[in-house]
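Numbering (our numbering), first residue to last: 1 to 143.
Structure representation (structure tokens):
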């Protein structure tokens with residue numbers, strides 16, 4: 001009985017916290033990526049994309065989800081991200097890619113409101129083991 005009451009109170013408390021907190025809006029960045037690139041395990045062709053970042057909960061201070069859309073608005077892929085570390089006091093929106101030879105992997109997104117790191121996939125880890133290090137390529141994005 002005590003466990004049931006405890007879990008009931010816990011669920012009610014979490015509901016009140018989540019619904020009572022102000023929601024954070026998603027941020028969308030536009031970028032023309034001039035090379036094919038991976039987002040997670042998904043290989044995307046070069047082109048114009050919209051990167052929509054947002055918090056899954058109102059308490060997530062930094063990005064925890066990413067949706068990538070084509071220019072026509074159709075969704076290409078979605079992925080959960082790792083909240084970025086470091087200062088949010090930047091003045092340009094940026095996409096960071098890791099380059100291994102002719103393969104590019106979206107690694108980090110930075111903007112004023114959010115930072116997001118994308119974890120390394122098995123493909124990227126394998127290339128890193130073969131090549132040794134990645135060259136960082138940074139693209140400036142716009143809103």
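Beta carbons are placed, not taken as given, at the ideal position from N, Cα and C, and that holds for glycine.
Please classify residue i as buried or exposed, where buried requires at least 16 neighbouring CB atoms within 10 angstroms.
{"i": "residue 39", "result": "buried"}
{"i": "residue 119", "result": "exposed"}
Mapping the DSSP letters down to three states, classify residue i as helix, strand or coil.
{"i": "residue 103", "result": "strand"}
{"i": "residue 122", "result": "helix"}
{"i": "residue 50", "result": "strand"}
{"i": "residue 134", "result": "coil"}
Taking the C-alpha atoms as reference points, what is the distance between residue i and residue j?
{"i": "residue 91", "j": "residue 108", "result": "16 Å"}
{"i": "residue 115", "j": "residue 29", "result": "12 Å"}
{"i": "residue 136", "j": "residue 127", "result": "14 Å"}
{"i": "residue 76", "j": "residue 41", "result": "12 Å"}
{"i": "residue 93", "j": "residue 129", "result": "30 Å"}
{"i": "residue 71", "j": "residue 103", "result": "22 Å"}
Can you tell me which of the options puts its alpha carbon nearest to the alpha carbon of residue i?
{"i": "residue 81", "options": "53, 98 and 136", "result": "53"}
{"i": "residue 138", "options": "102, 132, 126 and 106", "result": "106"}
{"i": "residue 100", "options": "112, 125, 113 and 73", "result": "125"}
{"i": "residue 66", "options": "78, 98, 132 and 73", "result": "78"}
Go through its chain and collect everything with a Cβ distance to residue i's Cβ below 7 Å, but skip five positions before and after it.
{"i": "residue 31", "result": "49, 51, 95, 139 and 141"}
{"i": "residue 46", "result": "33, 34, 35 and 36"}
Using C-beta distances below 8 Å, list every residue in its chain close to residue i, excluding the 5 sequence neighbours before and after it, in chain order.
{"i": "residue 43", "result": "36 and 37"}
Keeping to the same chain, check which residues put their C-beta closer than 6 Å to that of residue i; ignore five residues upstream and five downstream.
{"i": "residue 98", "result": "105, 107 and 134"}
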